[in-house]
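Student: Sharing a structure here in structure tokens format.
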Amino acid sequence: MDVMDTIKEQIESNDILLYMKGTPQAPQCGFSAKTVQSLMACGERFAYVNILENSDVRENLKVYSNWPTFPQLYVKGELVGGCDIVLEMYESGELKALVKKAAESASES
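Numbered by full-length UniProt numbering, the letters in the sequence shown go through residues 1 to 109 in order.
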């Protein structure tokens, strides 16, 4: 499986997926830390990929998503955005509604 297939499979098999630097318990950049805090505050489980551990995914995800920076949040296979967008959505209440809906549909499957 090539790296683009791996990325596609990761996104398709996880309803809420965050590509980040580090882990939720130990983020390796401020943007990843802020994004994780917002997601965790929504109270739903999410998957993550530490892009620092896989340079192929890190470089090819930028091509796959046409989004140059990290973190990148995907919900139900769609790119939501990076840190600024996630924070805005969290503050407006949109993020909680989005991840709650994704988590509910995942539990019904």
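The beta carbon of each residue, even a glycine, is placed where N, CA and C say it ideally should be.
In terms of residue numbering, what span does the beta strand (DSSP E) encompassing G81 cover?
Tutor: 78-81
Student: Are C42 and K96 touching if we call contact CB-CB under 8 angstroms?
Tutor: yes
Student: Can you check which of these residues, S105, L73, S92, is closest to A33 by C-alpha distance?
Tutor: L73
Student: By DSSP's criteria, N50 is part of a beta bridge. Which residues make up the other side?
Tutor: M20
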